[in-house]
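Student: Before I ask anything, here is the structure I am working with.
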Amino acid sequence: IDGSVLEVCKECSKFGRVQKDTPLERKFVSRNKKGNPQKRPQANKQNVQRRRREEPMDELVEDYNVIIRKARESKGWTREELGAKMYEKVSVINRIESGKMEPDIKLAKKFEKTLGITIIEKYDEMDLESFKSSASGPNTLGSIVKIKRK
(Lines of atoms letter the chains of each structure in order from A; the text may use other names.)
(Lines give C-alpha, C1' and ligand atoms only; values in the text may rest on other atoms or scores of the structure.)
Protein backbone atom coordinates (compact mmCIF):
# COMPACT_ATOMS: atom_id res chain seq x y z
CA ILE A 266 0.00 0.00 0.00
CA ASP A 267 1.38 3.34 -1.04
CA GLY A 268 2.93 5.31 1.79
CA SER A 269 3.22 2.37 4.19
CA VAL A 270 6.41 1.80 6.13
CA LEU A 271 7.43 -1.85 6.54
CA GLU A 272 10.38 -3.66 8.03
CA VAL A 273 11.47 -6.37 5.60
CA CYS A 274 14.50 -8.52 4.81
CA LYS A 275 17.17 -7.51 2.24
CA GLU A 276 15.65 -9.63 -0.51
CA CYS A 277 12.17 -8.14 -0.10
CA SER A 278 13.52 -4.59 0.17
CA LYS A 279 14.36 -4.57 -3.56
CA PHE A 280 10.61 -4.38 -4.29
CA GLY A 281 10.22 -1.11 -2.43
CA ARG A 282 12.07 2.05 -1.58
CA VAL A 283 14.51 2.21 1.33
CA GLN A 284 13.67 4.91 3.80
CA LYS A 285 16.64 6.77 5.19
CA ASP A 286 15.16 8.25 8.38
CA THR A 287 12.67 6.83 10.81
CA PRO A 288 9.26 8.36 10.23
CA LEU A 289 8.29 11.10 12.63
CA GLU A 290 4.82 11.25 14.05
CA ARG A 291 2.85 13.96 12.31
CA LYS A 292 0.84 16.33 14.37
CA PHE A 293 -2.19 17.78 12.66
CA VAL A 294 -2.80 21.41 13.46
CA SER A 295 -5.73 23.32 12.07
CA ARG A 296 -4.64 26.58 10.52
CA ASN A 297 -6.54 29.70 9.70
CA LYS A 298 -6.52 31.34 6.24
CA LYS A 299 -3.21 33.11 6.89
CA GLY A 300 -1.45 29.84 7.71
CA ASN A 301 -1.11 30.49 11.43
CA PRO A 302 -2.07 27.71 13.81
CA GLN A 303 -5.42 28.19 15.51
CA LYS A 304 -5.82 27.82 19.23
CA ARG A 305 -8.81 25.95 20.54
CA PRO A 306 -10.76 27.78 23.21
CA GLN A 307 -10.39 25.87 26.44
CA ALA A 308 -13.32 25.67 28.79
CA ASN A 309 -12.72 27.20 32.16
CA LYS A 310 -13.14 24.49 34.81
CA GLN A 311 -14.91 26.84 37.18
CA ASN A 312 -17.48 27.79 34.52
CA VAL A 313 -18.15 24.13 33.74
CA GLN A 314 -18.63 23.27 37.42
CA ARG A 315 -20.84 26.32 37.95
CA ARG A 316 -23.03 25.32 34.99
CA ARG A 317 -23.35 21.81 36.38
CA ARG A 318 -24.50 23.13 39.74
CA GLU A 319 -27.02 25.55 38.23
CA GLU A 320 -28.67 23.01 35.95
CA PRO A 321 -31.31 20.84 37.63
CA MET A 322 -30.33 17.20 37.77
CA ASP A 323 -32.52 14.35 36.53
CA GLU A 324 -33.09 11.45 38.89
CA LEU A 325 -35.35 8.40 38.87
CA VAL A 326 -38.07 8.11 41.47
CA GLU A 327 -37.53 5.35 44.02
CA ASP A 328 -40.41 3.09 42.96
CA TYR A 329 -39.88 3.40 39.19
CA ASN A 330 -40.29 -0.36 38.70
CA VAL A 331 -43.75 -0.43 40.32
CA ILE A 332 -44.92 2.60 38.35
CA ILE A 333 -43.75 1.06 35.06
CA ARG A 334 -45.37 -2.31 35.79
CA LYS A 335 -48.70 -0.76 36.85
CA ALA A 336 -48.80 1.52 33.79
CA ARG A 337 -48.08 -1.41 31.47
CA GLU A 338 -50.76 -3.55 33.11
CA SER A 339 -53.31 -0.72 33.01
CA LYS A 340 -52.84 -0.49 29.24
CA GLY A 341 -53.28 -4.26 29.01
CA TRP A 342 -49.88 -4.84 27.40
CA THR A 343 -47.58 -7.79 27.98
CA ARG A 344 -43.87 -7.26 28.46
CA GLU A 345 -43.32 -8.47 24.91
CA GLU A 346 -45.76 -5.89 23.53
CA LEU A 347 -44.14 -3.09 25.52
CA GLY A 348 -40.72 -4.20 24.30
CA ALA A 349 -41.93 -4.16 20.70
CA LYS A 350 -43.40 -0.66 21.07
CA MET A 351 -40.22 0.68 22.70
CA TYR A 352 -37.76 -1.28 20.51
CA GLU A 353 -36.21 -2.79 23.64
CA LYS A 354 -35.44 -6.38 24.56
CA VAL A 355 -37.94 -8.16 26.77
CA SER A 356 -35.13 -9.19 29.13
CA VAL A 357 -34.30 -5.52 29.76
CA ILE A 358 -37.94 -4.77 30.57
CA ASN A 359 -38.08 -7.82 32.87
CA ARG A 360 -35.00 -6.67 34.80
CA ILE A 361 -36.27 -3.10 35.09
CA GLU A 362 -39.74 -4.14 36.28
CA SER A 363 -38.23 -6.51 38.85
CA GLY A 364 -35.94 -3.72 40.13
CA LYS A 365 -32.72 -5.58 39.29
CA MET A 366 -31.72 -2.94 36.74
CA GLU A 367 -32.05 0.83 36.87
CA PRO A 368 -32.73 2.41 33.48
CA ASP A 369 -30.56 5.28 32.33
CA ILE A 370 -32.19 8.65 31.71
CA LYS A 371 -32.58 8.03 27.98
CA LEU A 372 -34.43 4.75 28.55
CA ALA A 373 -36.50 6.26 31.37
CA LYS A 374 -37.66 9.02 29.00
CA LYS A 375 -38.61 6.30 26.52
CA PHE A 376 -40.75 4.64 29.22
CA GLU A 377 -42.34 7.99 30.06
CA LYS A 378 -43.24 8.70 26.45
CA THR A 379 -44.55 5.20 25.67
CA LEU A 380 -46.54 4.66 28.87
CA GLY A 381 -47.52 8.28 29.59
CA ILE A 382 -46.00 8.26 33.08
CA THR A 383 -43.51 10.35 35.04
CA ILE A 384 -40.56 8.54 36.61
CA ILE A 385 -37.89 11.25 36.28
CA GLU A 386 -37.61 13.97 38.89
CA LYS A 387 -35.60 17.15 38.55
CA TYR A 388 -33.86 18.34 41.65
CA ASP A 389 -31.55 21.22 42.27
CA GLU A 390 -28.37 20.88 44.31
CA MET A 391 -28.74 24.52 45.31
CA ASP A 392 -31.95 23.70 47.21
CA LEU A 393 -30.08 21.09 49.20
CA GLU A 394 -27.14 23.43 49.90
CA SER A 395 -29.40 26.26 51.04
CA PHE A 396 -31.30 23.81 53.23
CA LYS A 397 -28.08 22.65 54.88
CA SER A 398 -26.99 26.20 55.65
CA SER A 399 -30.37 27.36 56.97
CA ALA A 400 -30.89 27.72 60.69
CA SER A 401 -34.02 25.58 60.87
CA GLY A 402 -32.69 23.40 63.64
CA PRO A 403 -30.80 20.14 63.47
CA ASN A 404 -30.92 18.39 60.12
CA THR A 405 -32.05 14.80 60.14
CA LEU A 406 -31.86 12.24 57.39
CA GLY A 407 -35.63 12.38 56.99
CA SER A 408 -35.67 16.15 56.48
CA ILE A 409 -32.99 15.93 53.79
CA VAL A 410 -34.88 13.19 51.96
CA LYS A 411 -38.03 15.32 51.97
CA ILE A 412 -36.26 18.30 50.45
CA LYS A 413 -34.65 16.06 47.82
CA ARG A 414 -38.01 14.66 46.66
CA LYS A 415 -39.40 18.21 46.33
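Residues in the sequence shown are numbered from 266 upward in steps of one, following this note's numbering.
Glycine residues also receive a C-beta, built at the ideal position from the N, C-alpha and C atoms.
Just verifying my parser: in three-state terms, what is the DSSP assignment at Y388?
Tutor: One-based indexing of the sequence shown puts residue 388 at position 123. Strand, per DSSP.
Student: Can you give me the C-alpha to C-alpha distance between K387 and A373, rounded to a whole angstrom?
Tutor: Taking the first residue of the sequence shown as position 1, residue 387 is located at position 122. Taking the first residue of the sequence shown as position 1, residue 373 is located at position 108. For K387 and A373, the distance between alpha carbons rounds to 13 Å.
Student: By the 10 Å Cβ neighbour count, where 16 or more other Cβ atoms means buried, how is Y329 classified, buried or exposed?
Tutor: For this step, residue 329 is matched to residue 64 along the sequence shown. That one is buried.
Student: Can you tell me whether L372 is helix, strand or coil according to DSSP?
Tutor: Position 107 of the sequence shown holds residue 372. Correct three-state label for L372: helix.
Student: K375 to A336, Cα distance in whole Å?
Tutor: As a first step, residue 375 must be located in the sequence shown, where it is residue number 110. As a first step, residue 336 must be located in the sequence shown, where it is residue number 71. C-alpha separation (whole angstroms): 13 Å.
Student: Is the beta carbon of E362 closer than 7 Å to that of I264?
Tutor: The shown model of the chain, from 266 to 415, leaves out residue 264, and the question about it has no answer.
Student: Assign V273 to one of three DSSP states: helix, strand, or coil.
Tutor: Working through the sequence shown from its first residue, we reach residue 273 at position 8. Correct three-state label for V273: coil.
Student: What residue range is occupied by the uninterrupted beta strand (DSSP E) comprising E324?
Tutor: Stepping through the sequence shown from its first residue, residue 324 is reached at position 59. Per DSSP, E324 belongs to the beta strand (DSSP E) from M322 to L325.
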